[in-house]
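Asker:
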Amino acid sequence: MSTDRSAGVRLGRGLIWIAVVFGAVVAIVPFLWMLGGSFRPEADLFANPARIWPETWTLHGYQEIWRELPFLRLVANTFIFAGVTTILCLLFDSMAAYALSRLRFRGQNLAFWLVIATLMVPVQITLVPVFMTLFDLGWLDTYQGLIIPRATSAFGIFMLRQFFQSIPRELDEAARIDGAGHLRIYARIILPLAKPALATLAVLHFMNLWNDLLWPLVMTSSMEMRTLPAGLTLFGGQHVTDHAVLLAGATISLLPLAVAFFLAQKYFVRGVATTGLK
Amino acid sequence: MSVKIAAPPAAGIRRPPGRRRRRFQPAVAFLLPSGLILGVFIIFPIFQSLWMSLHAWRIGAQSQPWVGLDNYRRLLADPQFANALRVTLVFTLVSVVVLLVLGFLVAYWLQRTTRFSKILRSAYFFPTVVALSVIGIVWRFMLDPDIGLVAGIWKTFGLEPVAWLRSPELALPTVIAVGIWKSLGFTMILLLAGLQGVPEHLYEAAKLDGAGPWQQVRHVTLPSIRPALLFAAVILTIQSLQAFDLIYAMTAGGPLFSTETLVTFMYRQSFQNFDFGYGSAIAWALFIVIMIISALQLRLFRYNDVD
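Chains as they are written, first to last, in numbering that gives the first Met the number 0: chain X, 0 to 277; chain E, 0 to 306.
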């Protein structure tokens, strides 16, 4: 190899590395700007919008957001909606998956295909009828209305069923000989062995629910019942607001997921790669 | 988990008659919660939605008369629907093509796991974790011609600030760019899984045959990761066709409907005009578009297989 060529190759590789690193910086900078902006007074932003970090600091945004919105309520709502729904989903999905992979019953194939079929239908189709059903039940703008229709997911059932299939049947057979019933096999053998899959699914569900906009936007109507994405989006749309207030709200709203991401990145990556991502 | 599980009901005390029945029982219990929820809130509403799309179903109207396919005919004649369909298709086509190309480049470059590449991958991936609506809010400020970072950088180059989101010509490209920015890390992860599955000996063999880096990419990498590419293409397409959150937070479909997608159009008709019959018809049109395009993609990739 001539040195000429290898110098060219090295230069090319260097340029590509610069581009790739630049891309990674571009992926992160808006969040730093958001964090900085949430502490910047208006004048500071106007004076030099090209800066990422504040020159003068203010807590104005973080003080105002509690006054202009029932912000604590929004945070609590989002935790309740995402948290309770995730727990119910894991329970119900794993129960259904257990039945589909370990029990024999009439209509088993039909049940499985129904689950697959519902995976293909976009949520937008069911939105209007579900809205009407919740209206009839008097569940619009309530926690049960937000949570119960979402408390199982076809994707979760499908994914867990596939995972349960990979657990050797000898294990439950041995337990059955020891006199264990289905409830015990499900709770004592299958669930503990499925922990990695359940953790991945939990992260995925929690993230999707925490971030969801369309569902809470449609199924709630009072600010008291909104979640963070819905509340902040509506607030941002109605008012020509102070940037600091909205940026403070945005910062707080992504904090829990950002922390979880740094602690357990592999579950996010795994969950997203299996793609029950909306 | 230290939850104490109650012992199962003592079997054998009283067995229901017939073997089949006894076997049927636990399945019912295990399937009941999910089955009930899926039935009431997904499967039944699918039929309900179809039914509603065949009626003039408006909130507040005296009656909901059967109108057959009128809602669908109205859809085909509605310039707003044509506009939303066009915007959705442009959004999807540009997003998916750019994401696959950029996502492949980044994933290819970062496929070897070193400490440095891991940090870069995390950086690319991070926006995937954040809500699209929050990203929409942040970027709306980032793109503000007075206080936004983009305008600030723009000005340091001596250029006039532009109100990207307030211009009917620029709003759609801008929203598409932000969508691509958000999904690049996601695409990278999907393709990375494929890249890391390419067996090393294929590269070795190609090298022995005298293949340079480009030829290796063309003749080894791309053919090997075709399943991952197809998967990514289908997933990204379905997501883009359903675009709502980002657009609702950034432009709410404006200015002058220049960023109105099928889902923002459906949302407006259903939950602002409360025209449920029409809204349902739009949702079914969306479903049909998704099915057609997904089928085309699967077809296209299979045809290429023959070559």
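Every residue, glycine too, gets a C-beta built ideally from N, C-alpha and C.
Could one say the Cβ of E:Ser223 lies closer than 8 Å to chain X's Cβ atoms, at least one of them?
Answerer: It does not; no Cβ of chain X falls within 8 Å.
Asker: Out of E:Ser182, E:Ser116, E:Trp163, which has the shortest C-alpha to C-alpha gap to E:Val309?
Answerer: Nothing in the structure corresponds to residue 309 of chain E, since chain E is present only between 0 and 306.
Asker: Can you check the stretch 167-224 of chain X for any alpha helix (DSSP H) of at least 4 residues that lies completely inside it and give the ranges in chain order?
Answerer: DSSP runs (the alpha helix (DSSP H)) wholly in the stretch 167-224 of chain X: 168-176, 194-210, 213-218.
Asker: Residues of chain X with CB closer than 7 Å to the CB of E:Thr127, please, in chain order.
Answerer: The contacting residues are Val271.
Asker: Which class does E:Trp56 belong to by DSSP, given the choice of helix, strand or coil?
Answerer: Here E:Trp56 sits in coil by DSSP.
Asker: List the DSSP bridge partners of E:Trp65.
Answerer: BP columns for E:Trp65 point to E:His54.
Asker: Measuring alpha carbon to alpha carbon, tell me which residue in X:Asp135, X:Leu246, X:Tyr185, X:Leu159 is nearest X:Pro195.
Answerer: Cα-wise, what sits closest to X:Pro195 is X:Leu159.
Asker: Would you check if the stretch 51-66 of chain X and the stretch 166-184 of chain E touch, i.e. whether three or more CB-CB distances between them fall below 8 Å?
Answerer: Contact between the stretch 166-184 of chain E and the stretch 51-66 of chain X is absent, because fewer than three Cβ pairs lie under 8 Å.
Asker: Could you tell me the boundaries of the alpha helix (DSSP H) in which X:Trp138 lies?
Answerer: Counting along the chain, X:Trp138 falls outside any alpha helix (DSSP H), and DSSP gives it neither H nor E.
Asker: Taking a Cβ distance cut-off of 7 Å, strictly less, list which residues of the stretch 140-151 of chain E are near chain X, in chain order.
Answerer: Those would be Phe140, Met141, Asp145, Ile146, Gly147, Leu148, Ala150, Gly151, in chain order.
Asker: To the nearest angstrom, report how far apart E:Ala227 and E:Leu84 are at their CA atoms.
Answerer: If you take the alpha carbons of E:Ala227 and E:Leu84, they lie about 28 Å apart.
Asker: Within this structure, are the beta carbons of E:Leu169 and E:Val161 separated by less than 8 Å?
Answerer: Yes.
Asker: Counting only C-beta atoms, is X:Ile166 closer than 8 Å to chain E at any point?
Answerer: Cβ-Cβ to chain E under 8 Å: no for X:Ile166.
Asker: Please return the same chain residues whose Cβ sits closer than 7 Å to the Cβ of E:Leu191, not counting the five positions on each side in sequence.
Answerer: So the list reads Ala106, Gln110, once near-sequence residues are dropped.
Asker: My output table needs one value for X:Asp92: the three-state DSSP class, helix, strand or coil.
Answerer: In this structure, X:Asp92 counts as helix in the three-state DSSP scheme.
Asker: From the DSSP output, which residues share a beta bridge with E:Asp274?
Answerer: E:Arg57.
Asker: Measuring straight from C-alpha to C-alpha, what distance separates E:Trp153 and E:Leu30?
Answerer: About 58 Å.
Asker: Can you pull the chain E residues whose beta carbon is under 7 Å from the beta carbon of X:Gln264, in chain order?
Answerer: Within 7 Å Cβ-Cβ: Ser121.
Asker: Does X:Asp278 come within less than 8 Å of chain E when only Cβ atoms are used?
Answerer: No answer is possible for residue 278 of chain X: it lies beyond the span of chain X, which begins at 0 and ends at 277.
Asker: Can you check whether the C-beta of X:Trp138 is within less than 8 Å of a C-beta belonging to chain E?
Answerer: With 8 Å as the cut-off, X:Trp138 does not count as an interface residue toward chain E.
Asker: For E:Arg298, count the other beta carbons within 10 Å of its own beta carbon; 16 or more makes it buried, fewer makes it exposed. Which is it?
Answerer: The residue is exposed, with fewer than 16 neighbouring Cβ atoms inside 10 Å.
Asker: Can you list, in chain order, the residues of its chain with a C-beta nearer than 8 Å to that of E:Val197? Leave out the 5 residues immediately preceding and following it.
Answerer: Here the set comprises Val219, Thr220, Ser223, Ile224.
Asker: Hey, is X:Gly60's beta-carbon within less than 8 Å of any beta-carbon in chain E?
Answerer: By this cut-off, X:Gly60 is not an interface position.
Asker: When you compare only the Cα positions, how much space is there between E:Phe273 and E:Met265?
Answerer: Each residue's alpha carbon lies about 10 Å from the other.
Asker: Going by C-alpha distance, which of E:Phe40, E:Tyr202, E:Ala205, E:Ile134 is nearest X:Ile124?
Answerer: Out of E:Phe40, E:Tyr202, E:Ala205, E:Ile134, E:Phe40 has the C-alpha closest to the C-alpha of X:Ile124.
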